[in-house]
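Data block below; observations after.
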């Protein structure tokens with residue numbers, strides 16, 4: 006049985022459906038039909054503006070974001086949805102905290118729904134640090150259909166690995 010590392014937390018029935026699409030060589034078609042477009046947010050500056058616009062729309066009173074960037078060094082298996090950090094430094098007699106969001110650079114080529122889902126996920130961490138019900142309610146508020154898009158993003162990563170592995174052979 007083909008291991009699906011990005012989908013391991015999902016029910017076996019869903020994993021079996023993905024395996025069937027892979028066996029029938031239809032996984033790429035499934036994704037292309039559902040997500041035919043690619044986003045235009047290609048630079049770190051554009052990603053920062055995109056993120057701050059979403060933050061302004063949904064989380065006006067959340068802490069400011071100091072930096073948003075694509076990061077080629079993110080380990081996609083461990084941080085498939087990006088990374089948020091809060092860096093605290095003492096400057097003079099004051100404690101300064103800087104918030105950063107990093108998105109794996111492979112998502113430069115992703116559909117706009119996937120980029121939005123990743124940014125929404127990381128923005129939700131400004132209000133909710135844990136992946137609890139309140140966190141996912143906030144994600145769903147900022148992006149209706151969040152859970153389906155997250156699942157499809159993981160299917161996208163699976164397809165990407167399959168294409169990469171077949172080109173290596």
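In the numbering used here, the protein residues as written are 6 to 174. In this text, a Cβ means the ideal position worked out from N, Cα and C, and glycines have one as well.
Under three-state DSSP, which class holds residue 155? helix
Let me know if residue 157 comes out buried or exposed under the rule of 16 or more other beta-carbons within 10 Å of its beta-carbon. buried
Measuring CB to CB, does residue 154 end up less than 8 angstroms from residue 112? no
Only counting runs of 4 or more residues, tell me where the alpha helix (DSSP H) segments fall wholly within the stretch 110-148, in order along the chain. 117-132 and 138-147
Assuming residue 72 is part of the beta strand (DSSP E), what are its boundary residues? 72-76
Roughly how many whole angstroms lie between the Cα atoms of residue 103 and residue 137? Distance between the alpha carbons of residue 103 and residue 137 is about 24 angstroms.
Use the C-beta contact count for residue 18: other C-beta atoms within 10 angstroms, 16 or more gives buried, fewer gives exposed. Exposed, by the Cβ-count rule.
By alpha-carbon positions, which one of 114, 49 and 59 ends up nearest to residue 165? 114
Measuring alpha carbon to alpha carbon, tell me which of 65, 95 and 49 ends up nearest residue 73. Closest in alpha carbon position to residue 73, among 65, 95 and 49, is 49.
Can you tell me which of the three DSSP states residue 26 falls into? In this structure, residue 26 counts as helix in the three-state DSSP scheme.
Can you tell me whether residue 27 sits near the ligand GDP, meaning its C-beta is under 7 angstroms from at least one heavy atom of the ligand? Absence of the ligand GDP from the depicted structure is noted, as is the absence of any ligand whatsoever, leaving it without description.
Once the 5 residues before and after residue 23 are set aside, which same chain residues still bring their CB inside 8 angstroms of it? The residues are 9, 12, 32, 160 and 163.
Hey, would you say residue 106 sits closer than 8 angstroms to residue 70, going by beta carbons? In this structure, residue 70 lies closer than 8 angstroms to residue 106 by Cβ.
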